[in-house]
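Q: Below is one structure. I have some questions about it.
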Amino acid sequence: MDEINDIIRKNKLKREKYVDGSSNTTSSYKENLPFKLKYAKNLISRVLITVIFVLGSIIFTNISEDNKALYQKYVLEDSLEFTKINELYQSVFGDVDIAKQDNNTDSEVVFGDVSYTNIEPFKNGVKLTVGMNEAISVITSGIVVFIGEKDDLGNTVIIQGNDGVDIWYSNITDTDISVYDYIEAGSILGSSNSEDIYLTINKDGEFINYEEYKASI
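First residue of the sequence shown: 2, per this note's numbering; consecutive thereafter.
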């Protein structure tokens, strides 16, 4: 009789252990469910944005040659205002930030810096003396919206920051990035093509003084 009771007791302990283990597994799954749903939502949202943009671009450019010329100028040559696109998207589909990575939850603008020995006005921005082949870091986090040549500025990379400000990094070489890449403040953008680089800061079509912008962050 004692042996039977002992077997029953052991079986009961096994059942309790199994139930507890299942409960923990279910609990863990439920805890991870919001993260998985958020990831799926963000993925679907990005796909939806891409599809809408591509279809809209095809329809717009096929209407007329004038539309094709406008698309060439304002989309392929100039930079899209991703912060405004993001605000419009959020108002329609909810809060999904296309201008930041999922692991960046801080909405504050992070400010990096560029080391230089001399600064002077140049065209709509400034010329910074940094030294030959010096590594150039990104000032504010944002999306790469343009890579190419600009008149009298040389090879230029334009990054639209999370605050909606476009920063032009000119006379830059050895860049290993692509258009629409997201790049963090402080990351290495490339190197100087000579002893000087040019920085141009633009918001809503108006050029901003570099030192004033830096002080406002």
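Just so you know, even glycine gets a beta-carbon here, dropped at the ideal spot from N, CA and C. What you are looking at is a predicted structure, and each value in this text was computed from that prediction instead of being measured.
State whether the stretch 140-160 contacts the stretch 185-201, with contact taken as three or more CB pairs (one from each stretch) at a distance under 8 angstroms.
A: Yes, the stretch 140-160 is in contact with the stretch 185-201.
Q: Mind checking whether Gly-126 and Ile-202 have CB atoms under 8 angstroms apart?
A: Along the sequence shown, read from residue 1 onward, the residue named residue 126 stands at position 125. Along the sequence shown, read from residue 1 onward, the residue named residue 202 stands at position 201. Contact flag set, yes.
Q: Beta-carbon within less than 7 angstroms of Ile-198's beta-carbon, same chain only, minus the 5 sequence neighbours each way: which residues are those?
A: Walking along the sequence shown from the start, residue 198 turns up at place 197. Contacts found: Leu-129, Val-131, Ile-137, Tyr-170, Ser-171, Asn-172, Ile-173.
Q: Could you check if Ser-116 is buried or exposed, using at least 16 other CB atoms within 10 Å of its CB as the buried criterion?
A: Here residue 116 is taken as the residue at index 115 of the sequence shown, counted from 1. Label assigned to Ser-116: exposed.
Q: Short of 7 angstroms in beta carbon distance, which residues of its chain neighbour Asn-68, apart from the five on each side in sequence? Order them along the chain.
A: The count along the sequence shown starts at 1 and reaches residue 68 at position 67. Excluding residues within five positions, the ones whose Cβ falls inside 7 angstroms are Phe-61, Thr-62.
Q: What residues in its chain sit with their C-beta under 8 angstroms from that of Asp-182, if we drop five residues either side in the sequence?
A: What you label residue 182 is simply residue 181 of the sequence shown in a count that begins at 1. Cβ within range, chain order: Ile-144, Val-145.
Q: Report the partner residues of Leu-156 according to the DSSP bridge assignment.
A: Along the sequence shown, one-based indexing puts residue 156 at 155. Looking at the sequence itself, residue 156 is Asn, so the reference to Leu does not match. DSSP output for Asn-156 lists Glu-150 as bridge partner(s).
Q: When you compare only the Cα positions, how much space is there between Ser-58 and Tyr-211?
A: Residue mapping note: residue 58 aligns to position 57 of the sequence shown, counting from 1. Residue mapping note: residue 211 aligns to position 210 of the sequence shown, counting from 1. Those two C-alpha atoms are separated by around 34 angstroms.
Q: Among the residues of its own chain, which have a CB less than 6 angstroms from the CB of Ile-178, if the five just before and after it don't count?
A: The residue given as residue 178 occupies position 177 in the sequence shown. Within the same chain, Ile-178 has close Cβ partners Val-145.
Q: In terms of alpha-carbon separation, which member of Val-55, Tyr-214, Phe-123, Glu-135 lies closest to Thr-176?
A: The count along the sequence shown starts at 1 and reaches residue 176 at position 175. The candidate whose alpha carbon is nearest that of Thr-176 is Glu-135.
Q: Taking the alpha-carbon positions, what's the Thr-118 to Glu-196 distance?
A: Along the sequence shown, read from residue 1 onward, the residue named residue 118 stands at position 117. Along the sequence shown, read from residue 1 onward, the residue named residue 196 stands at position 195. Their Cα atoms are separated by approximately 10 angstroms.
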